[in-house]
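Residue numbers (full-length UniProt numbering): 1 to 118. Where is the CB? At the ideal position from N, CA and C, for every residue including glycine. Because the structure is a prediction, the values reported are computed rather than measured. Everything below concerns the one structure shown next.
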Amino acid sequence: MEKENSTGSSSAMLSKSGDPDQDEKLLQPYTYISQVPGKQIRTKLAYAFNCWLNIPEEKLVAIGDIIQMLHNSSLLIDDIEDNSILRRGIPVAHSIYGIASTINAANYVLAIALEKVQ
């Protein structure tokens with residue numbers, strides 16, 4: 001299962017040990033919120049800092065992806081905590097997939113992001 005990442009290139013969203021069918025189901029709340037991208041400020045900031053850091057493009061793309069994964073997973077939890085109704089103009093993920101599935105998705109994405117850091 002390939003996902004479009006924050007920088008527009010394609011990369012595997014699944015964990016290293018993930019089952020594609022199970023991962024797709026588990027990641028539905030995350031995939032849903034990711035369909036409406038935000039302003040990408042964090043990723044743009046990483047690219048701005050790269051003027052001084054000169055990180056290779058491949059690594060910079062990975063950093064941008066990880067930043068977006070961490071941010072979007074935190075938004076899933078934030079919407080539950082704040083009892084939000086909308087996120088980025090669409091109904092919040094937990095109103096569609098339920099609180100338990102949304103928390104599981106957010107935690108799973110966090111684990112995948114940490115795997116990608118290694």
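Just to confirm, is the Cβ distance from I99 to M69 under 9 angstroms? no
Using CA coordinates, which residue listed in A105, S95, D19, G64 is at the minimum distance from K116? G64
Name the residue from L53, Y108, T102 whose alpha carbon lies nearest to the alpha carbon of D78. For the residues L53, Y108, T102, the minimum Cα distance to D78 belongs to T102.
Check each candidate in L114, N107, A93, L110 and name the one with the smallest Cα separation from Q28. A93
I'd like the list of long-range same chain contacts for A46, defined as Cβ closer than 8 angstroms, with 5 residues on each side in sequence excluded. The residues are L60, I63, G64, I67.
Relative to the alpha-carbon of N72, which residue among D19, P56, P91, A105 has its alpha-carbon at the smallest distance? The option with the nearest alpha carbon to N72 is A105.
Taking the DSSP output, what are the residues bridged to L86? Per DSSP, P91.
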